[in-house]
Amino acid sequence: MQIDLNPTGGGAGNSHLVNHDGRDSVGKPRHLGVEEEFHLVDQTTRRLAPRAPELLEWLGAQGHYVAEMQQCVIEVNSAVVSNLSDLGKELRHHRKVLSRAAREVGADIVAAGTVPLALPSELPITSTARYRRMLADYQLLAREQLICGTQIHVEIPDRDEAAAVAQRIGPELPTLLALSTSSPFWADGVDTGYSSVRTLVWSRWPTTGLTSGTSSAADLDRLTDQLLATGVISDPGMMYFDVRVSRHVPTLELRICDSCPDVDTILLVAGLYRALVERELAAHRAGEPALELPAVLGRAAVWRAARSGLEDDLVDVRADGQARPASEVVRRLVDSLKPWLEANGDWEVIDHLATSALLVGSSAARQRRALRRRGRLTDVVDLLAAETAHGVAEPAPASGDELLTEYPWAGYDEALSQGKPRPPYRDPIAALVALGAKGLRSRDQAVVQLERADGVTFKVTGRDEPQIFPLDLAPRIVTAKDWAHITAGCEQRAKALDLFLRDVYGPRSIVHDGIIPDEVLDRAPGYRSTGRVAPNTVRAHVSGLDLVSSGPGHWQVLEDNLRVPSGVGYAMSNRYLMRKLMPELAPPALLDSREVPGLLLETLAAAAPGGVADLEEIVLLSSGPSDSAWPEHAGLARGMGVQVVTPEQVWLEGGHLVRGVGERTVPIRVAYVRMDEDMLLSSTGRDGTVLRAGLTDAILRNRLRLANALGNGVADDKAIYCFVPQMVRYYLGEEPIMEQVPTWLCAERDQCEEVLSRLGDLVTKPIDGFGGMGVLIGPDASDEQVQQRRHEIMANPERYIAQEVVNLSTHPTFDGAYLRPRHVDLRVFVHLRERGATTEAITMPAALTRVGPPGNKIVNSSAGGGSKDTWILADDVQYPPPASGGSTREQGAN
1 MQIDLNPTGG GAGNSHLVNH DGRDSVGKPR HLGVEEEFHL VDQTTRRLAP RAPELLEWLG
61 AQGHYVAEMQ QCVIEVNSAV VSNLSDLGKE LRHHRKVLSR AAREVGADIV AAGTVPLALP
121 SELPITSTAR YRRMLADYQL LAREQLICGT QIHVEIPDRD EAAAVAQRIG PELPTLLALS
181 TSSPFWADGV DTGYSSVRTL VWSRWPTTGL TSGTSSAADL DRLTDQLLAT GVISDPGMMY
241 FDVRVSRHVP TLELRICDSC PDVDTILLVA GLYRALVERE LAAHRAGEPA LELPAVLGRA
301 AVWRAARSGL EDDLVDVRAD GQARPASEVV RRLVDSLKPW LEANGDWEVI DHLATSALLV
361 GSSAARQRRA LRRRGRLTDV VDLLAAETAH GVAEPAPASG DELLTEYPWA GYDEALSQGK
421 PRPPYRDPIA ALVALGAKGL RSRDQAVVQL ERADGVTFKV TGRDEPQIFP LDLAPRIVTA
481 KDWAHITAGC EQRAKALDLF LRDVYGPRSI VHDGIIPDEV LDRAPGYRST GRVAPNTVRA
541 HVSGLDLVSS GPGHWQVLED NLRVPSGVGY AMSNRYLMRK LMPELAPPAL LDSREVPGLL
601 LETLAAAAPG GVADLEEIVL LSSGPSDSAW PEHAGLARGM GVQVVTPEQV WLEGGHLVRG
661 VGERTVPIRV AYVRMDEDML LSSTGRDGTV LRAGLTDAIL RNRLRLANAL GNGVADDKAI
721 YCFVPQMVRY YLGEEPIMEQ VPTWLCAERD QCEEVLSRLG DLVTKPIDGF GGMGVLIGPD
781 ASDEQVQQRR HEIMANPERY IAQEVVNLST HPTFDGAYLR PRHVDLRVFV HLRERGATTE
841 AITMPAALTR VGPPGNKIVN SSAGGGSKDT WILADDVQYP PPASGGSTRE QGAN
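Position 133 of the sequence shown, counting from 1, maps to 133 under our numbering, and the rest follow consecutively.
Right under this line is the structure:
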């Protein structure tokens, strides 16, 4: 730091008066200073960027801004101040200057322990003699020093007293770390499971830990000289203990904290730290013994703080090392320091900041929520950059009854109407309000930990690593009346689509009779020759139909999925987690999602040649752990009691697809296919032979059934979607029960002209798109995006369809501070079974509600959408009228 903490000009230990309670400088708080380290991230890629040399050149000769070991990090030194208000002004001023300068070199600044997007091998070390030597000596430790911390200096002119206080203060440091935790992700974007992985990275250096173990300046200097003599450290600056006595300025330096995106966290930690120094210095002068903290317990307390942050238990070293909720440990520390905080004039501000910090939660938790909203690491970096630039974290309500204060009333919301819960939601909303933001954040963290432990993940498009499958804590309710309508409509639709698949790969009657033009089939990417392999029986054993609602009781089919529809396993997991972690919600009688594995097994057994199969003869065929829905594959197989196999574990023998069971070879009669058709047919079996020929031969010989059948992708085609109502009438002789979204085929000239004339008002989609890829919502798109789509359609009209914009319903979704509306859809699962001359349809008693990112109408898991527990009411409940008068918040409170 560029500071001089000797304002009176006297020697060390002689510059302050000492009053009767042991405080120095009567009526004057000790001076403070802060060193902040900032990551530099590229404004476009959001990756760490080695721009510090350019930035420092741009800033010129300003002593406050200093290079660090990594060229992607810059350090800022504050001026010396005596009160927290001035410290806040200092920090915000330097952030403003630094942020403005960083933009000039194409970068943003981020104050956090780590940044989730980086390529360590491409990040150079600052070229000074010291840093070059450290790189040579410490290798991996230096290369992976992609971490940033906040250091806080409090003046203690007497180095002997500073050394003594450093020893005494150690037990409280893990709590200060918990307040600052801001590094859940490592450089490759992986969620480490920790709130401060920076702490783990930092602890690898040879001279780290809560304290140095020395109690006087002479002992500390002797230890430093010994370490220098060993060559373990190359200079005194490498004494990296979590609290250390400075050799250059008369201060005791706190080094345990992550960099903090919001300034208030720094002020909170600084105020608490200064009060701790005052308390322990007074106790030292009074001869009071220090708290004895075994080294193992101290290390455990630091590890627990780095693991949990503010969202779980901490080790309370003042209570025999018991695990206690972080909120209790923080409040105990704050309250215990009240006399010293009051003496410094800090009590009111620290009390307020501590309360706010416990409501808002740690930066690590905020970052995880940002990732779960949309599955994009760039969203995490954007959040950190915005918080750093403004120095402010997201706000939080003061109490539970304010959860809905930020709820905008627009469009159709399924749970709330004019600020009041709709009848089915009165009790659930009241329970959520009673828990409040703090309680919901605690449960949200518990959900994440359980999902991580159970491996409930999903791979998002564009990411190499799977992420936790987000579960929102506000359940969605489908009434028995709505469910009866949904069931009838979806079963009808699934039957019609299955008959279409049998027909289109057989006699093609629907084409010959002029219902579907031949060219529509020719253009469909999912129309494959392999589809003719399956016998004329049920082909769509498991269908997933995506529904949206635009008003009470008004449901429409948005999309059909007849290849490998995923989601029912996640719906089951959601129910399990909500029952375990949200008992306050106490749902009424619901359809039991635990029946799903048994029903699925019955469907697969019915699909076997002859309609019967032993358990060993049924498998779930998956591409393996790399598949986006692998946790669902494993969970469903476990629930059915069947084996998950990959192509590499099966082979063809005697015209049968077989697998090994111990020393035996067992034929596979039914394979529940949960992988891409092309991938399956191009895979090699255990014997190295490509499976395609043998697999199709076994199907033709009626020795094997695939569920779902090959070639089913033609029914997923968005152009074919237009004709499903005609299919219902043609094959079933019935009127469609379920509506679908009005759709135009751009391949048809007249329809294409209408689409182009209304392009800014419609949704356009590629016919072979999935997971929201290529979808353009006209009203939400820029003029440039609309014009680009216009050119694409004009160049290849047969590749696109257009639909009316559906005003998707919204549902309250907890964002870490408030309940806010998010768009939702509903995936319903229908099974078909051959029963003699008829086809039986069964709708699964579980449905998956998917939640869109903020302000986004595209709702799907592949693009990073979240999910909700879906309550399907077993019976229609008669709800009493709401109490007269009172708002939602008043009703919830009562």
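For every residue, glycine included, the Cβ atom is placed at its ideal position computed from N, Cα and C.
Length of the line joining the Cα atoms of residue 26 and residue 821: The count along the sequence shown starts at 1 and reaches residue 26 at position 26. The count along the sequence shown starts at 1 and reaches residue 821 at position 821. Below a pLDDT of 50, predicted positions are generally treated as unreliable, and residue 26, at 47, falls in that range; the measurement from the model is reported next regardless. For residue 26 and residue 821, the distance between alpha carbons rounds to 54 Å.
Span separating the alpha-carbon of residue 797 from that of residue 754: Along the sequence shown, one-based indexing puts residue 797 at 797. Along the sequence shown, one-based indexing puts residue 754 at 754. Roughly 12 Å between the two C-alpha positions.
Unbroken beta strand (DSSP E) run spanning residue 478, endpoints: Against the sequence shown, residue 478 aligns to sequence position 478. Note, residue 478: beta strand (DSSP E), 471-478.
Identity of the residue in 837, 873, 810, 284 nearest residue 416 by Cα: Position 416 of the sequence shown, counting from 1, holds the residue named residue 416. Considering only 837, 873, 810, 284, the residue with the shortest C-alpha distance to residue 416 is 810.
Local conformation of residue 93 per DSSP, three classes: For the purposes of this step, residue 93 is identified with residue 93 of the sequence shown, where counting begins at 1. Taken through DSSP and simplified to helix, strand or coil, residue 93 comes out as helix.
Endpoints, the alpha helix (DSSP H) within which residue 635 is located: Translated into positions along the sequence shown, residue 635 becomes position 635. Run containing residue 635: 630-640, per the alpha helix (DSSP H) assignment.
Range covered by the beta strand (DSSP E) that runs through residue 826: Counted from its first residue, the sequence shown places residue 826 at position 826. For residue 826, the uninterrupted beta strand (DSSP E) run begins and ends at 819-835, by DSSP.
Opening and closing residue of the beta strand (DSSP E) in which residue 871 lies: In the sequence shown, the residue the question calls residue 871 occupies position 871. Going by DSSP, residue 871 is part of the beta strand (DSSP E) stretching over 866-872.
Sequence-distant residues of the same chain with beta carbon closer than 6 Å to residue 4, five excluded per side: Numbered from its first residue, the sequence shown carries residue 4 at position 4. Legend: pLDDT at residue 4 = 38, less than 50; position of this residue unreliable, value from coordinates given subsequently. Nothing meets the Cβ criterion.
Residue 580 versus 434, 447, 827, 568, residue with shortest Cα-Cα distance: Looking up residue 580 in the sequence shown gives position 580. Comparing Cα-Cα distances from residue 580 to each of 434, 447, 827, 568, the minimum goes to 447.
Between the CA atoms of residue 309 and residue 101 - distance to the nearest angstrom: On the sequence shown, position 101 is the one that residue 101 refers to. On the sequence shown, position 309 is the one that residue 309 refers to. In a straight line, the C-alpha of residue 101 is about 32 Å away from that of residue 309.
Euclidean distance between Cα positions of residue 640 and residue 141: Counting from 1 along the sequence shown, the entry for residue 640 is found at position 640. Counting from 1 along the sequence shown, the entry for residue 141 is found at position 141. Near 48 Å, if we compare the C-alpha coordinates of residue 141 and residue 640.
Rounded C-alpha distance that separates residue 30 from residue 631: Translated into positions along the sequence shown, residue 30 becomes position 30. Translated into positions along the sequence shown, residue 631 becomes position 631. One Cα belongs to residue 30, the other to residue 631, and the distance between them is close to 55 Å.
8 Å contact criterion, which residue 42 and residue 106 should meet: CB distance rounded: Here residue 42 refers to the residue found at position 42 when the sequence shown is read from its first residue. Here residue 106 refers to the residue found at position 106 when the sequence shown is read from its first residue. The Cβ separation is near 6 Å, so the contact holds.
Same chain, Cβ closer than 7 Å to residue 194, five either side skipped, listed in chain order: One-based indexing of the sequence shown puts residue 194 at position 194. The beta carbon of residue 194 is closer than 7 Å to those of 184, 200, 306, 307 in its chain, skipping five residues each way along the sequence.
C-beta contact flag for residue 841 and residue 829 at 9 Å: The residue given as residue 841 occupies position 841 in the sequence shown. The residue given as residue 829 occupies position 829 in the sequence shown. No, they are not a contact pair.
Limits of the beta strand (DSSP E) - the one that residue 179 falls within: In the sequence shown, the residue the question calls residue 179 occupies position 179. For residue 179, there is no enclosing beta strand (DSSP E); the residue is part of the alpha helix (DSSP H) that begins and ends at 173-180.
Supposed contact pair residue 571 and residue 543 - C-beta distance, whole angstroms, cut 8 Å: As a position in the sequence shown, residue 543 is number 543, starting the count at 1. As a position in the sequence shown, residue 571 is number 571, starting the count at 1. With a Cβ gap of about 15 Å, residue 543 and residue 571 do not count as contacting.
Minimum Cβ-Cβ distance from residue 608 to chain C less than 9 Å: Looking for chain C here will not work: only one protein chain is present.
Integer-rounded CB distance, given that residue 345 should sit under 8 Å from residue 83: For the purposes of this step, residue 83 is taken as the residue at position 83 of the sequence shown. For the purposes of this step, residue 345 is taken as the residue at position 345 of the sequence shown. Indeed, because the Cβ distance is near 7 Å, the residues count as touching under 8 Å.
Contact the region 727-735 vs the region 549-565: 3+ CB pairs below 8 Å: Because the criterion of three Cβ pairs below 8 Å is not met, the region 727-735 and the region 549-565 do not touch.
For residue 658 and residue 613, the rounded distance between their alpha carbons: The residue given as residue 613 occupies position 613 in the sequence shown. The residue given as residue 658 occupies position 658 in the sequence shown. Roughly 14 Å between the two C-alpha positions.
Residue 768 versus residue 728: straight-line alpha-carbon distance, rounded: The residue labelled residue 768 in the question sits at position 768 within the sequence shown. The residue labelled residue 728 in the question sits at position 728 within the sequence shown. Straight-line Cα distance between these residues: approximately 23 Å.
Run of the alpha helix (DSSP H) containing residue 267, from where it starts to where it stops: As a first step, residue 267 must be located in the sequence shown, where it is residue number 267. For residue 267, the enclosing alpha helix (DSSP H) covers residues 263-285.
7 Å Cβ shell around residue 205 - same chain, five flanking residues per side excluded: Indexing the sequence shown from 1 puts residue 205 at position 205. 141, 240, listed in sequence order.
Pair within 9 Å by beta-carbon distance, residue 257 and residue 176: Residue mapping note: residue 257 aligns to position 257 of the sequence shown, counting from 1. Residue mapping note: residue 176 aligns to position 176 of the sequence shown, counting from 1. Judged by their CB atoms, residue 257 and residue 176 are nearer to each other than the 9 Å cut-off.
Residue 238 classed as buried or exposed, judged by whether at least 16 other C-beta atoms fall within 10 angstroms: In the sequence shown, the residue the question calls residue 238 occupies position 238. Per the 10 Å Cβ criterion, buried.
Entirely enclosed alpha helix (DSSP H) segments - the region 337-413, minimum 4 residues: Uninterrupted alpha helix (DSSP H) stretches at least 4 residues long and entirely within the region 337-413 occur at 338-343, 347-360, 363-374, 377-390, given in chain order.
Assigned exposure category for residue 677 - 16 Cβ within 10 Å defines buried: Taking the sequence shown and counting its residues from 1, the one referred to as residue 677 is at position 677. With 16 or more other Cβ atoms inside 10 Å of its own Cβ, residue 677 counts as buried.
Entirely enclosed beta strand (DSSP E) segments - the region 704-775, minimum 3 residues: The DSSP assignment places 705-707, 743-745, 762-766 as complete runs of the beta strand (DSSP E) inside the region 704-775, in order along the chain (cut-off: 3 residues).
Length of the line joining the Cα atoms of residue 332 and residue 454: For the purposes of this step, residue 332 is taken as the residue at position 332 of the sequence shown. For the purposes of this step, residue 454 is taken as the residue at position 454 of the sequence shown. Residue 332 and residue 454 have their alpha carbons spaced roughly 34 Å apart.
For residue 873 and residue 596, believed in contact at Cβ under 8 Å, the rounded distance: Counting from one through the sequence shown, the residue named residue 596 turns up at place 596. Counting from one through the sequence shown, the residue named residue 873 turns up at place 873. Contact doesn't hold; Cβ gap of about 17 Å is too wide.
Supposed close pair residue 896, residue 377 - CB separation, criterion 8 Å: Because the chain is modelled from 1 through 894, residue 896 falls outside the range shown and cannot be assessed.
Every unbroken alpha helix (DSSP H) within the region 137-202, with a cutoff of 4 residues, ordered by chain: Those alpha helix (DSSP H) runs which fall completely within the region 137-202 and span 4+ residues are 140-143, 159-169, 173-180, 197-202.
Cβ pair count under 8 Å reaching 3, the region 468-476 against the region 703-713: No, the region 468-476 does not touch the region 703-713.
Rounded separation between residue 891 and residue 808 - CA only: Here residue 891 refers to the residue found at position 891 of the sequence shown. Here residue 808 refers to the residue found at position 808 of the sequence shown. Only weak support exists for where residue 891 lies, its pLDDT of 28 falling under 50; the value from the coordinates is given anyway. Residue 808 has its alpha-carbon roughly 27 Å from the corresponding atom of residue 891.
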